[in-house]
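Quick notes on the structure that follows.
Numbering (this note's numbering), first residue to last: 488 to 553.
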């Protein structure tokens, strides 16, 4: 849906009007880097496979509780 349609839809649908504020995020690609945070605080992202395994383990442990 283009900007024009969002403006028109915004006349009738508040959520469409509010979407215009966020439209810039979809007009072009952007890259987000955590490098500055990692350098400053020494935190590193958990690898995907490890984080998924931990999440599944946690969920299974919680599921068995009454």
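We put the CB at the ideal spot given by N, CA and C, even for glycine. All of these numbers come straight from a predicted model, not from anything done at the bench.
**OP:** Find out if the Cβ-Cβ distance for the pair residue 532, residue 521 is shorter than 8 angstroms.
**Re:** As a working mapping, residue 532 is identified with position 45 in the chain shown. As a working mapping, residue 521 is identified with position 34 in the chain shown. Yes.
Original post:
To which residues of the same chain is residue 490 closer than 8 angstroms at the C-beta, ignoring the five residues directly before and after it?
Top reply: Within the chain shown, the letter at position 3 stands for residue 490. Same-chain partners within the cutoff: 507 and 510.
**OP:** Keeping to the same chain, check which residues put their C-beta closer than 6 angstroms to that of residue 497; ignore five residues upstream and five downstream.
**Re:** Within the chain shown, the letter at position 10 stands for residue 497. Leaving aside the five residues that flank residue 497 on each side, the residues in its chain whose CB is nearer than 6 angstroms to its CB run, in chain order, 503 and 504.
**OP:** Could you give the DSSP three-state label for residue 489: helix, strand or coil?
**Re:** Position 2 of the chain shown holds residue 489. Correct three-state label for residue 489: coil.
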